[in-house]
Ligand code: COI
């Protein structure tokens, strides 16, 4: 399945019109999951793709013309004891509102966000559309596990002038996903592309930030790497992020470092959770500037983090033609502990001592 789109039938849509958000749930064409599974691959693809089309949306709008939009990514996890729970959705609700404000849109109310997110998952599950817990996932630390990816996003109203969006739509769709990074080895390369600049939109989950990510990642894949890593725009010296995720380095000194938040770094919810989990283990965690030279010399372990990525180890990093292999190319101990703890909490294998999981069914 990987990280691919198969939109579940129930979708939420709202628009800010006449000074208020007006929205509701749409039920797109579907059969039962069993009936869909029994269809020919072509017929199934046709039905599932049809759930991604809307004929009453303005095609020429500030999103399609100028990239003015933002989104969120969160997951509902099948629980070991049954049911589905979402990881820290109130954090995504708050970030979505901040992103919209950052784009000068009317913010989507956090309470409505939480309702739409939980209700789409609940309604899709009631139709049978949800993944079931599989004990086999525990064998590979949930690397092959499924979840429901929840994608809230904005679409601007129709228009052609270079304007901000004052009547945006908000959609929430669900799709089943598996691992984001698929390869066993995950070699990364420093890209010469620039993701974000001071005073820009790097701190916002703006769609436009991901344009450079698609290009830089495509270049990295073409060169045989799985991932690319950005340096800062001004000094070209400090590490910023992976292609679409935050990044951590566990240094020989015993310090776990990650770039400090600012204009150019996305405030990741997985990032924040990992910092807390590592500190709980007594690890010294620093959010600071992280020079690439220090990383190439001093790193024992490296991993990227995000909703989609979880905590995925990078086995090597290549910069300026030189390659540093971390931990002999194997997943390091701290990386594994952090990955297993966060996945364990998310899938209900470990107790949720932090109150991070919101039960949906
Ligand atoms: C996520 O981790 O959910 C993200 O939003 C990154 C995405 C582009 C895969």
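Numbering (our numbering), first residue to last: 166 to 526.
All C-beta atoms, glycine included, are put in the ideal place defined by N, C-alpha and C.
Separation of residue j from residue i, as counted between CA atoms
i           : j           : result
residue 419 : residue 362 : 31 Å
residue 173 : residue 284 : 13 Å
residue 352 : residue 480 : 5 Å
residue 485 : residue 394 : 12 Å
residue 289 : residue 502 : 33 Å
residue 186 : residue 281 : 12 Å
residue 258 : residue 267 : 14 Å
residue 278 : residue 189 : 12 Å
residue 429 : residue 367 : 4 Å
residue 371 : residue 452 : 23 Å
residue 387 : residue 275 : 40 Å
residue 469 : residue 183 : 42 Å
residue 513 : residue 441 : 18 Å
residue 260 : residue 239 : 12 Å
residue 383 : residue 345 : 15 Å
residue 222 : residue 311 : 31 Å
residue 271 : residue 332 : 8 Å
residue 455 : residue 263 : 26 Å
residue 493 : residue 350 : 11 Å
Secondary structure of residue i, DSSP reduced to three states
i           : result
residue 494 : helix
residue 320 : strand
residue 439 : helix
residue 451 : strand
residue 509 : helix
residue 346 : coil
residue 267 : helix
residue 224 : coil
residue 514 : coil
residue 358 : coil
residue 185 : strand
residue 198 : helix
residue 366 : coil
residue 405 : strand
residue 392 : strand
residue 234 : coil
residue 325 : coil
residue 170 : coil
For residue i, the residue or residues it bridges with in DSSP
i           : result
residue 177 : 190, 337
residue 522 : 252
residue 469 : 412, 477
residue 488 : 483
residue 314 : 240, 340
residue 422 : 414, 451
residue 371 : 235
Enclosing beta strand (DSSP E) for residue i [first to last residue]
i           : result
residue 355 : 352–355
residue 240 : 239–243
Alpha helix (DSSP H) segment containing residue i, residue limits
i           : result
residue 214 : 206–215
residue 386 : 374–387
residue 415 : Careful: residue 415 lies outside any alpha helix (DSSP H), inside the beta strand (DSSP E) at 411–416.
residue 399 : Counting along the chain, residue 399 falls outside any alpha helix (DSSP H), and DSSP gives it neither H nor E.
residue 305 : It is not in any alpha helix (DSSP H) - residue 305 carries neither H nor E in the DSSP assignment.
residue 281 : 275–291
residue 428 : First-last for residue 428: undefined, no H or E at that position.
residue 461 : 457–463
Interface flag, residue i vs chain D, CB-CB below 8 Å
i           : result
residue 525 : Looking for chain D here will not work: only one protein chain is present.
Residue i Cβ short of 7 Å to ligand 2 heavy atom set
i           : result
residue 324 : In terms of ligand content, the structure shown lacks ligand 2 and carries ligand 1 instead.
Specify whether the region 325–337 and the region 225–233 touch according to this definition: at least 3 beta carbon pairs, one from each stretch, less than 8 Å apart.
-> Cβ pair count under 8 Å is three or more, so yes.
Inter-stretch contact at 8 Å, needing at least 3 Cβ pairs: the region 371–385 / the region 332–344 = The answer is no - the region 332–344 does not touch the region 371–385, with fewer than three Cβ pairs under 8 Å.
Using 8 Å as the Cβ pair cut-off and three pairs as the minimum, do the region 291–298 and the region 167–181 touch?
-> Result yes; three or more Cβ-Cβ pairs closer than 8 Å.
Kindly confirm or deny that the region 454–467 and the region 407–416 touch, where touching means at least three C-beta pairs closer than 8 Å.
-> Segments in contact, yes.
Three CB pairs or more closer than 8 Å across the region 306–321 and the region 506–526 = Touching, yes.
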